[in-house]
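Asker: Taken in order, the sequence shown gives residues 6 to 294; the numbers are from the working numbering. The beta-carbon is built from N, C-alpha and C at its ideal position, and this holds for glycine as well. Being a predicted model, the structure only gives us computed values, none of them experimental.
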Amino acid sequence: MKKLSLGLAGILMPMLFMSCTNTKTTAIQEETETENLLGVSKPVFEKFVVVIEDHELPIYQKADKNSPILYCWTEDIESDMADVQYHWSGETVAEGYVSNECGVWEGCILAVLSEEGDFYKVNTLGDFGDIEVGYLPKTAVRDISTEPYTADVAEAVKWHQTMVIKDGKYKNLVLTDNFDELWGESIELGVLLDGCIAYPVGAKADCDVDVTLDKIKVSKEENYITFFFPKNIRNRPTSEGFEEIVDLKKLSEEQVGEICETLMSQKYDKVRFDYYVPDYGVTSVTTKK
Numbered sequence: 006m007k008k009l010s011l012g013l014a015g016i017l018m019p020m021l022f023m024s025c026t027n028t029k030t031t032a033i034q035e036e037t038e039t040e041n042l043l044g045v046s047k048p049v050f051e052k053f054v055v056v057i058e059d060h061e062l063p064i065y066q067k068a069d070k071n072s073p074i075l076y077c078w079t080e081d082i083e084s085d086m087a088d089v090q091y092h093w094s095g096e097t098v099a100e101g102y103v104s105n106e107c108g109v110w111e112g113c114i115l116a117v118l119s120e121e122g123d124f125y126k127v128n129t130l131g132d133f134g135d136i137e138v139g140y141l142p143k144t145a146v147r148d149i150s151t152e153p154y155t156a157d158v159a160e161a162v163k164w165h166q167t168m169v170i171k172d173g174k175y176k177n178l179v180l181t182d183n184f185d186e187l188w189g190e191s192i193e194l195g196v197l198l199d200g201c202i203a204y205p206v207g208a209k210a211d212c213d214v215d216v217t218l219d220k221i222k223v224s225k226e227e228n229y230i231t232f233f234f235p236k237n238i239r240n241r242p243t244s245e246g247f248e249e250i251v252d253l254k255k256l257s258e259e260q261v262g263e264i265c266e267t268l269m270s271q272k273y274d275k276v277r278f279d280y281y282v283p284d285y286g287v288t289s290v291t292t293k294k
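(1) Does the distance from the C-beta atom of residue 182 to that of residue 264 stay below 8 Å?
(2) Helix, strand or coil for residue 2? Go by DSSP, reduced to three states.
(3) Short check: CB of residue 291 to CB of residue 48, under 8 Å?
(4) Return the CA-CA distance between residue 117 and residue 90, expressed in angstroms with no decimal places.
(5) Considering only the alpha carbon of each residue, which of 199, 214, 171 and 200 lies closest to residue 191?
(6) With three or more beta-carbon pairs closer than 8 Å as the criterion, would you say the stretch 209-223 touches the stretch 231-249?
(7) Taking the alpha carbon of residue 94 as the point to measure from, which residue in 87, 66, 171 and 80 has its own alpha carbon closest?
(8) Give me, in chain order, the residues of the same chain whose beta-carbon lies closer than 7 Å to that of residue 187; leave out the 5 immediate sequence neighbours on both sides.
(9) Output needed for residue 227: all residues of its chain with C-beta closer than 8 Å, excluding positions within five of it in sequence on either side, in chain order.
(10) Are residue 268 and residue 208 closer than 8 Å when you measure CB to CB?
(11) Less than 8 Å between the CB atoms is what I'm expecting for residue 170 and residue 261, so what's the real figure, rounded?
(12) Can you tell me the Cα-Cα spacing of residue 201 and residue 272, whole angstroms?
(13) Checking the sheet assignment: what are the DSSP bridge partners for residue 292?
(14) Mind checking which residues open and close the beta strand (DSSP E) that includes residue 215?
(15) Can you look up residue 268 in the DSSP assignment and give me helix, strand or coil?
(16) First and last residue of the alpha helix (DSSP H) that includes residue 160?
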């Protein structure tokens with residue numbers, strides 16, 4: 006089943022509304038520019054749907070079940086770093102790659118851009134590489150509602166630690182610490198908007214510990230940033246208890262500022278918007294800047 010943290014979608018803002026006679030536009034407008042330190046505007050999604058089929062559901066290139074469907078090309082090597090690409094069926098598979106159908110599963114949540122006959126046009130940017138849109142049959146999904154993703158809700162999430170800055174120079178900026186058994190620990194920077202959190206894709210850094218330090222050390226190599234933390238800050242156990250990771254509550258105001266300033270300097274061309282869906286958790290929509 007596709008993760009609910011699925012990067013749900015990709016759209017160019019503002020979007021040109023379609024004028025075809027058999028097309029009903031439902032989904033997107035651009036909100037007035039939001040004043041915040043990251044300069045990110047919140048897109049308005051009028052409709053979210055959840056997949057209800059109990060089998061893998063193909064993503065179609067057009068509003069037609071006879072159109073090409075989405076496939077995943079994976080580099081045929083024994084490595085966790087294998088290259089992955091997304092293409093429509095019918096394209097010639099590159100040498101050295103293995104191709105498999107790539108659909109969505111029951112419980113997957115997507116943002117709708119428009120209606121076209123018996124299909125919904127949905128966002129697919131993010132988890133499907135640079136494929137921006139696809140189509141799903143209306144009969145395979147049902148409507149689902151989001152609720153405001155507030156600071157209190159964000160800070161109560163159990164699978165990562167989030168801190169929303171409540172006042173001062175960095176008011177409404179968000180720091181989220183994530184831990185993955187394969188990829189390790191990272192911190193990303195976002196901003197709390199009206200009912201969602203926006204995370205510029207790329208405003209992120211790896212985390213490590215250096216027991217010789219008494220303050221944060223920043224290492225930059227091209228577009229990659231690593232924060233090295235003193236032991237007294239990186240001492241929160243993971244849920245499995247195997248690793249010790251950063252405790253955001255242990256950061257001083259000065260350290261919070263250093264992390265924010267470092268990540269604010271990163272360039273990005275996409276933004277992930279996290280929304281809260283009761284009974285499902287947090288789901289994501291990725292758009293182009």
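Answerer: A quick look at the data gives this:
(1) Taking the first residue of the sequence shown as 1, we reach residue 182 at position 177. Taking the first residue of the sequence shown as 1, we reach residue 264 at position 259. Result no, Cβ atoms of residue 182 and residue 264 do not sit closer than 8 Å.
(2) Look at the range of the chain in this structure, 6 to 294, and you will see that residue 2 is not part of it.
(3) Position 286 of the sequence shown, counting from 1, holds the residue named residue 291. Position 43 of the sequence shown, counting from 1, holds the residue named residue 48. Their beta carbons are not under 8 Å apart, which means residue 291 does not touch residue 48 by this criterion.
(4) Mapped onto the sequence shown, residue 117 falls at position 112. Mapped onto the sequence shown, residue 90 falls at position 85. Whole-angstrom Cα-Cα distance: 23 Å.
(5) For this step, residue 191 is matched to residue 186 along the sequence shown. The option with the nearest alpha carbon to residue 191 is 214.
(6) yes
(7) Here residue 94 refers to the residue found at position 89 of the sequence shown. When only C-alpha atoms are compared, the closest one is 66.
(8) Reading the sequence shown from its first residue, position 182 is the one you call residue 187. Only 85 meet the Cβ criterion.
(9) One-based indexing of the sequence shown puts residue 227 at position 222. Result list for residue 227: empty, nothing under 8 Å.
(10) Locating residue 268 in the sequence shown gives position 263, counting from the first residue. Locating residue 208 in the sequence shown gives position 203, counting from the first residue. Result yes, Cβ atoms of residue 268 and residue 208 sit closer than 8 Å.
(11) To locate residue 170, count along the sequence shown from 1; it is residue 165. To locate residue 261, count along the sequence shown from 1; it is residue 256. Yes, residue 170 and residue 261 are in contact; Cβ-Cβ is about 7 Å, under 8 Å.
(12) The residue given as residue 201 occupies position 196 in the sequence shown. The residue given as residue 272 occupies position 267 in the sequence shown. If I take the Cα positions, the gap works out to 21 Å.
(13) Within the sequence shown, the letter at position 287 stands for residue 292. DSSP lists 276 as partners of residue 292.
(14) For this step, residue 215 is matched to residue 210 along the sequence shown. That residue, residue 215, is in no beta strand (DSSP E); it is neither H nor E in DSSP.
(15) In the sequence shown, residue 268 corresponds to position 263, counting from 1. Helix.
(16) To locate residue 160, count along the sequence shown from 1; it is residue 155. Where residue 160 is concerned, the enclosing alpha helix (DSSP H) stretches over 156-161.
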